[in-house]
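Residue numbers (our numbering), protein chains in the order written: chain H, 92 to 205; chain L, -10 to 104.
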């Protein structure tokens, strides 16, 4: 299948370890942030979101942290599994934009080693 | 269908040829977005529809790109006189509403290769 992210930064992690993926954003007006997972040949898949009035949100095996002071977002994956291998994108939304369109970051490839 | 469906899955076009890419959003979804994803990069916004109205087309790279959603459901992205720099994956996404916290669901994309 096609490959997404040939030139993306790569995080190699051992199966069972925790992963941390970082993202910097630039728009201080953004009020909503989303992490997406994209496997090769597929469209982005929603993982977890967070509003700007929060600094932490937890899901199943995933946690998103938001630091508005330095405009930084991170995604933590606990006990990383082979199925977590993919490219991960952060996205931000400017509430002033029509339809709340998303602006995506550059992405990070995660490779899980068995 | 259960999700956003895009066709064709792959398209090879000769430079100068016109192409049409189709998106079937999730039934009942008001909002529809088109994104362009170059190899190794994140998706970039092209255009947005609320029902049949195209409310934002600020991301369309040139007047060779045209999108429509005449009945507020299926959408078509047309690229005229394709050029090599148009080669990318074109993603369609839909969401139920247009306000905050309305999750956008993406299709698998159409990979366009211009030769």
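In this text, a Cβ means the ideal position worked out from N, Cα and C, and glycines have one as well.
Per DSSP, residue 162 of chain H is not a residue of any beta strand (DSSP E), being assigned neither H nor E. Boundaries of the beta strand (DSSP E) around residue 2 of chain L: -1 to 2. Counting along the chain, the unbroken beta strand (DSSP E) around residue 100 of chain L starts and ends at 99 to 103.
By the neighbour-count definition (other C-beta atoms within 10 Å, threshold 16), residue 32 of chain L is a buried residue.
Residue-level contact by beta carbon holds for residue 133 of chain H and chain L, with a gap shorter than 8 Å.
Take the alpha-carbon of residue 183 of chain H and the one of residue 132 of chain H: they are about 23 Å apart. Judged by DSSP secondary structure, residue 148 of chain H falls within the beta strand (DSSP E) whose first and last residues are 147 to 149. Secondary structure note for residue 203 of chain H: its beta strand (DSSP E) is the uninterrupted segment 199 to 204. For residue -2 of chain L, the number of other beta carbons within 10 angstroms of its own is below 16, and it is reported as exposed. Classified as buried, residue 82 of chain L has 16 or more neighbouring CB atoms from the shown chains inside 10 Å of its CB. Annotated three-state conformation of residue 69 of chain L is coil, per DSSP. At least one CB of chain H lies nearer than 8 Å to the CB of residue 97 of chain L.
Look at residue -9 of chain L here: in three-state DSSP terms it is coil, with no helix or strand label. The residue from L/6, L/79 and L/95 with its alpha-carbon nearest to that of residue 28 of chain L is L/79. Non-local beta-carbon contacts of residue 143 of chain H in its own chain, meaning distances under 6 Å to residues more than five positions away in sequence, involve 122 in chain order. Ranked by Cα distance from residue 155 of chain H, the first of H/185, H/124 and H/178 is H/124. Approximately 6 Å separates the beta-carbon atoms of residue 205 of chain H and residue 173 of chain H; this is inside 8 Å, confirming the contact.
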